[in-house]
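These notes are about the structure you will find just below.
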Amino acid sequence: MKLRVLIRLKPGILDVQGAAVQRALAGLGFADLRDLRVGKLIEIDVDAATPGAARQRVDEMCRKLLANTILEDYTIEAIEAERLAPR
Amino acid sequence: MKLRVLIRLKPGILDVQGAAVQRALAGLGFADLRDLRVGKLIEIDVDAATPGAARQRVDEMCRKLLANTILEDYTIEAIEAERLAPR
Amino acid sequence: MAGTEPKVTLDLARGLGLTADEYDRIIQRLGREPSYTELGLFSALWSEHCAYKHSRVFLSRLPTRAPHLLQGPGENAGAVDIGDGWAVVFKMESHNHPSFIEPFQGAATGVGGILRDIFTMGARPIAILDSLRFGDPADAKTKHLINGVVSGISWYGNCFGCPTVGGEIAFAPEYAGNPLVNVMCVGLVRADRIHLARAEGVGNPVFYVGNKTGRDGIHGATMASATFDDEAEAKRPTVQVGDPFTEKLLLEACLEAMATGAVVGIQDMGAAGLACCTSEMPARGGTGMEVELSAVPQREEGMTPYELLLSESQERMLLVGAKGREDELRRVFAKWELDAVKIGEVTGGADLVVRHRGEEVAHVPVEALTDAPTYEKSYGPPAWLAERQALEPLCLPEPDDYGEALVRLMGSPTIASKEWAYRQYDQQVGTNTLVLPGSDAAVLRIKGTRRAIAISTDGSGRQVFLDPRRGAAMAVCEAARNVSCAGGRPLGVTDCMNFGSPERPEILWQFAEAIEGIAEACRALEVPVVGGNVSFYNETVQAKGATSPWDSSGGTAILPTPIIGVVGVLEDASRLGTQWFKAAGQRIALLGPDGVSLGGSEYLWTLHDRLAGRLAPLDLEVERRVQSAVRAAVGAGLVTAAHDCAEGGLAVTLAEGAVTGARANGGVGVGCEVTVEPGRRLDETLFGEGPSRVVVTVEPARQREFEALMAESAIPWRWIGTTGGERLIVHASGRVVVDVAVDRIEHAWRSGFERHMA
Amino acid sequence: MRFGVVVFPGTWSDCDFHYVISEVIRQPVKYVWHRDRNLADLDCVVLPGGFSYGDYLRAGAVAGKSPVVEALREFVANGGYVLGSCNGFQILCEAGLLPGVLMRNECLQYRCQSTNLLVENVETPFTRGLRAGQVLTMPISHGEGKYYADAPTLAALKARQGIVFRYATVEGQVVKAANPNGSVENIAGVVNETGAVLGLMPHPERAAETAMGGTDGLLLFQSLLGTLVEDGTFLKR
Ligand SMILES: Nc1ncnc2c1ncn2[C@@H]1O[C@H](COP(=O)(O)OP(=O)(O)O)[C@@H](O)[C@H]1O
Ligand SMILES: [Mg+2]
Chain A
1012 MKLRVLIRLK PGILDVQGAA VQRALAGLGF ADLRDLRVGK LIEIDVDAAT PGAARQRVDE
1072 MCRKLLANTI LEDYTIEAIE AERLAPR
Chain B
1012 MKLRVLIRLK PGILDVQGAA VQRALAGLGF ADLRDLRVGK LIEIDVDAAT PGAARQRVDE
1072 MCRKLLANTI LEDYTIEAIE AERLAPR
Chain C
837 MAGTEPKVTL DLARGLGLTA DEYDRIIQRL GREPSYTELG LFSALWSEHC AYKHSRVFLS
897 RLPTRAPHLL QGPGENAGAV DIGDGWAVVF KMESHNHPSF IEPFQGAATG VGGILRDIFT
957 MGARPIAILD SLRFGDPADA KTKHLINGVV SGISWYGNCF GCPTVGGEIA FAPEYAGNPL
1017 VNVMCVGLVR ADRIHLARAE GVGNPVFYVG NKTGRDGIHG ATMASATFDD EAEAKRPTVQ
1077 VGDPFTEKLL LEACLEAMAT GAVVGIQDMG AAGLACCTSE MPARGGTGME VELSAVPQRE
1137 EGMTPYELLL SESQERMLLV GAKGREDELR RVFAKWELDA VKIGEVTGGA DLVVRHRGEE
1197 VAHVPVEALT DAPTYEKSYG PPAWLAERQA LEPLCLPEPD DYGEALVRLM GSPTIASKEW
1257 AYRQYDQQVG TNTLVLPGSD AAVLRIKGTR RAIAISTDGS GRQVFLDPRR GAAMAVCEAA
1317 RNVSCAGGRP LGVTDCMNFG SPERPEILWQ FAEAIEGIAE ACRALEVPVV GGNVSFYNET
1377 VQAKGATSPW DSSGGTAILP TPIIGVVGVL EDASRLGTQW FKAAGQRIAL LGPDGVSLGG
1437 SEYLWTLHDR LAGRLAPLDL EVERRVQSAV RAAVGAGLVT AAHDCAEGGL AVTLAEGAVT
1497 GARANGGVGV GCEVTVEPGR RLDETLFGEG PSRVVVTVEP ARQREFEALM AESAIPWRWI
1557 GTTGGERLIV HASGRVVVDV AVDRIEHAWR SGFERHMA
Chain D
4 MRFGVVVFPG TWSDCDFHYV ISEVIRQPVK YVWHRDRNLA DLDCVVLPGG FSYGDYLRAG
64 AVAGKSPVVE ALREFVANGG YVLGSCNGFQ ILCEAGLLPG VLMRNECLQY RCQSTNLLVE
124 NVETPFTRGL RAGQVLTMPI SHGEGKYYAD APTLAALKAR QGIVFRYATV EGQVVKAANP
184 NGSVENIAGV VNETGAVLGL MPHPERAAET AMGGTDGLLL FQSLLGTLVE DGTFLKR
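Residue numbers (this note's numbering), protein chains in the order written: chain A, 1012 to 1098; chain B, 1012 to 1098; chain C, 837 to 1594; chain D, 4 to 240.
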């Protein structure tokens, strides 16, 4: 079962990376850029009987390790058609 | 117009960080984890007349700066309902 | 705006950490009830963290005068003259609480904060040292903390571009729930170009420079003044995130702005942010200040005056410029792509007036804010101390095998190599580092002169626990001795006082005694204290019902831990001392007295699991003479190595001499063979710890000269053996008591800490 | 020989290079601001170490698009030399002036340590004074120094002798244990097709004085000067 975790900084936490990238893009002439934030993408393939069970496991992984919940929020999405890129 | 860029290492490139995270999760008892890869998530708000135009601008940003195509592949997705988290 | 603000009441004041008396005092000073914003100002500025309420009376005891002192306590950092027109600015600070909550960002922003303290003085930071204390590294949670803290320091220091050249890491269970992250920074500045944090010159513009303000760390200062408890989670402010890149720009921009001569005064926005700067700067300058908060660059929408004043967003400075030169300043900051916005003016009054969109939200005499109440609570020694001291270590069994005991000690995480940490730190950027981490003190050259500086940090919580006064004095002596072993003449001390809650009499007693010990040692060694930091409330409140073995109040304080940083100068950078044996066939001497003790020693902890006993005697006059003898010997090029005897006693000192040079010597250690004096039990002789002792090695050809110098120095000393071979061999009373391969010792030492982190 | 040391926001080895060039090898040198495009009065441009733009996106990515780096193409076409060390190497790769890319160290940690470099190509202006097979000692200090190039690029690089330095043991053995960051085939430094652009992760400027622990880094400068000094003082060893 393939899922995808999107990890973002909590609202209010300074996005050091995003601010720098935004400045850089503006410098490259992207005047139409309004906002940019950088987060993490984690793609996971987990053994589970049902989509619900898979999601629950991944949620556990997020709480235990993947997300730093002091700084970050996360959302979990199913990856349907797409395949995980082979290593 | 809000879009999201997902940046992943190309297939065939060793994802050292992903492997380390996978090991750590295995150590925490996640025996059901089959595969895990780490990538980047960039959420962008861009001024554009049409969704197509927005996507094209973001694609340009990716080629010019956001992704290094020697290493990375990227996909661009529209963010519909969701709002960009305020900085 | 005002409509949404909470009503000011005593309860609200209490919730912000003020006492009923303090609240009354505020009303008295103002002659009215404070507004919500004003209450916020008072709560931050009168917090322990900003106001040193419980410590101020004690700190005044520290000696702060010396002919070479350029700036003592009271500014962002202290400064001493090192000759040739140069000064060094230095200071140490703690970031213990934030590092426990978020180890990576907590430690990173700790580095950021101390760097700003240095460059606001006009000095370019040239060295960072980190002094860390954790619980058992074998514990998973602790390992996570160590990893986070070390990588946070590494990230911030490396990205900013200041080398981390030294520090220490020690472990004890008492730090498990409250690790210590103390960071020292040293900067270099022309002696006549030091900038101060003063708002002077009525009508001068006040600029805000650096990163935008968000809701980060509001009430960080009050948090640092609270004990960790179950509610810590709930009270957690938005965590501050470090931005070393912006800090680097801020450094370059500030130094460039200062070089124009248009900067009148400057202070970094640290704890309590804008509130602190806008009251302390005019207070120092004898002026007032008016600011308009809506001009402050903001990262978030709808920030209230209260939030804008108390935000602890990082990488920001408040700068008072010279009137008429605003554009010059703006140009410099624009070049470095930084916000520089005029938010107010220096005024002739003595009040801080804060407006928000034109409306006055605070109007307070600056002196009322900076003149917080001080307390002189009663204190006394804890009841359990006598019992701890009474244990006689010599009633414990001797080791069967002294060689094995030595190997175990060398592998104890506290003594073992910390290369795992410092190889993650850039140690050389700036190309000044003559002695890298791995010797008693780091040495950095001063380009353009023949001089160098030596820097070391030290502090033994165990020793201070057993005898706060002597233990703290010993910490000063050890840090200074490390500097002397490198050939440096100590010029100044900075201290970071990490203790439990000062509201408990026994903790306050530890603190008061430790201050007294530091003061005595500094006077004897003739080094002033140029500044420092007090971190109280380093405690973990345990689950209800559980009490620690030595405290009836239900809380566990850390070991009382003053960390001492010493900076010294070498007149000739080419004459410096390092701790490792250089070659075979050199004579080994032990300088200093015989007085050692197993009380509070690493040996007693590692082999017997005890923290007990009494410390060795400390004779400050002997300490002073030993240090000056070592400096003379290093300065004359008479010794090829000089190594301070610290944790683990004489045996560990020799073993370190044998193995720590492997990196510099091209991969091989140098063994030794020594004979120790009978007279004490062997474990005490080999592993007992005591002050004022140094091991040196001397080329046989220089032996006579060395002996003459020692005779002149009037210190106790003797030859104890010779370097060489691939083993470490100790004779006592006619038999061999230790005979271990250097390889084995080295392996234990290299892996003792690192194996836990793998 | 006239040197220029480029300063990006976040650069920190600029002063160290400046010091070595002016005080140790005693050549004229000036700082070049990242927005400058005019390099006409220079013979060699140095891209120093540091964290340009914080390296917050990818190391060297933003700096790789800067005006000064754009100007390097013409500068090189006109016969100029470029030395990129550490962040400078990352920038040259990101800008496409050198092949490949530098990824996060395999140990996932920053590394500051001494390394030994096997010299493989002595036909570049920077290594002309060296012997093939010589081993140099220079420190590294980086978090993203793992060199990567795909198989065709790597083959092409090898075919044209583009690999200049590899991490090795003191004896010159190219083995995994001597590789501090996981670089493919232990690659520590590469040159472009003409040999005029050298990128390496180690810091030659930190190995240019005995007091700093060694002078092997100086050899690169001495080689370079040798190619231009006309009075014959430069001799191949
Ligand atoms: N956290 C650290 N950061 C940098 N250097 C460190 C750190 N911990 C230890 N070191 C270095 O390792 C060496 C040995 O440390 P330590 O055993 O504490 O020495 P000492 O007892 O002489 O103070 C010193 O050079 C010290 O600077
Ligand atoms: Mg020491």
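Backbone N, C-alpha and C fix where the C-beta goes; we use that ideal spot for every residue, glycine too.
Of all residues in the region 910-943 of chain C, those with a C-beta nearer than 9 angstroms to a C-beta of chain A are Ile937, Glu938, Phe940 and Gln941, reading in chain order. Within the same chain, and ignoring the five residues on either side of Asp1187 of chain C in sequence, the residues whose Cβ sits closer than 7 angstroms to its Cβ are Gly1124, His1199, Val1200, Pro1201 and Val1202. In terms of beta-carbon proximity, Val65 of chain D lines the interface with chain A, with at least one pair separated by less than 8 angstroms. Contact residues of the region 1034-1061 of chain A toward chain B are Ala1035, Leu1036, Leu1039, Phe1041, Asp1043, Leu1044, Arg1045, Asp1046, Leu1047, Arg1048, Val1049, Gly1050, Lys1051, Leu1052, Ile1053, Glu1054, Ile1055, Asp1056, Val1057, Asp1058 and Ala1059 (C-beta to C-beta distance below 7 angstroms). Counting only unbroken stretches of 4 or more residues, the alpha helix (DSSP H) elements lying wholly within the region 1127-1174 of chain C are 1141-1146 and 1162-1171, in sequence order. When secondary structure is reduced to three states using DSSP, Gly1063 of chain B falls in the helix class.
No Cβ of chain C is located within less than 8 angstroms of the beta carbon of Ile1090 of chain A.
Using a CB distance below 8 angstroms, no part of the region 190-212 of chain D faces chain B. Rounded to whole angstroms, Arg1461 of chain C and Val1017 of chain C show a C-alpha spacing of 33 angstroms. Exposed is the label assigned to Val178 of chain D, since fewer than 16 other Cβ atoms lie within 10 Å of its Cβ. Residue state for Ala1098 of chain C is assigned as coil, using DSSP reduced to three classes. The shortest CA-to-CA distance from Ser1371 of chain C to any of C:Ile982, C:Arg1340, C:Asn1334 and C:Glu1128 is the one to C:Asn1334. Excluding residues up to 5 positions away in sequence, Tyr1215, Gly1216, Pro1217, Pro1218 and Pro1304 lie with their Cβ nearer than 8 angstroms to the Cβ of Trp1345 of chain C in the same chain.
Look at Leu1076 of chain B: its C-beta is under 8 angstroms from a C-beta on chain A. A straight-line Cα-Cα distance of about 48 angstroms links Ala1027 of chain C and Gln1028 of chain B. Looking at the backbone, the Cα of Gly1013 of chain C and that of Gln1103 of chain C are separated by about 33 angstroms. Inclusion of Val71 of chain D and Val9 of chain D in the CB contact set at 8 angstroms is warranted, their separation being smaller than that value. Boundaries of the beta strand (DSSP E) around Gly202 of chain D: Val200 to Leu203. With respect to the 8 angstroms criterion, Val1190 of chain C and Pro1118 of chain C are not classified as neighbours on the basis of their beta carbons.
Using a Cβ-Cβ distance cut-off of 8 angstroms, the region 1358-1375 of chain C and the region 873-880 of chain C are not in contact, since fewer than three pairs of beta carbons, one from each stretch, lie closer than that value. Shown here, Gly1023 of chain A sits in coil according to DSSP, grouped into three states, outside any helix or strand. With 16 or more neighbouring CB atoms inside 10 Å of its own CB, Trp1585 of chain C falls in the buried class. Contact of Tyr56 of chain D with chain A by beta-carbon distance below 7 angstroms involves Ala1031 and Ala1035. When 9 angstroms is used as the limit between beta carbons, Lys68 of chain D is near these residues of chain A: Ala1035, Gly1038 and Leu1039, in chain order. Under DSSP, Ala1119 of chain C takes part in no beta bridge, so it has no partner. The C-beta of Arg1068 of chain B comes closer than 8 angstroms to at least one C-beta of chain A. A Cβ-Cβ distance of about 10 angstroms is found for the pair Gly1497 of chain C and His1479 of chain C, leaving them out of contact under the 8 angstroms criterion. Membership of Pro142 of chain D in the beta strand (DSSP E) is indicated by the continuous run Val138 to His145. Remark: three or more beta-carbon pairs, one from each stretch, lie closer than 8 angstroms, so the region 1045-1063 of chain A and the region 1028-1048 of chain B are flagged as touching. Following the DSSP letters along the chain, one finds Ile1055 of chain B in no alpha helix (DSSP H) but inside the beta strand (DSSP E) bounded by residues Leu1044 to Val1057. Look at Met1105 of chain C here: in three-state DSSP terms it is coil, with no helix or strand label. Residue pairing by DSSP puts His1192 of chain C in a beta bridge opposite C:Glu1195.
Restricting attention to beta strand (DSSP E) runs no shorter than 3 residues, the region 83-126 of chain D encloses them at 84-88, 104-106 and 114-122, ordered along the chain. The beta carbons of Phe1007 of chain C and Pro1249 of chain C sit closer together than 8 angstroms. In this structure, D:Val193 is the residue among D:Tyr34, D:Glu147 and D:Val193 with its C-alpha nearest to the C-alpha of Leu120 of chain D. When Cβ-Cβ separations below 8 angstroms define contact, Tyr59 of chain D makes contact with chain A.
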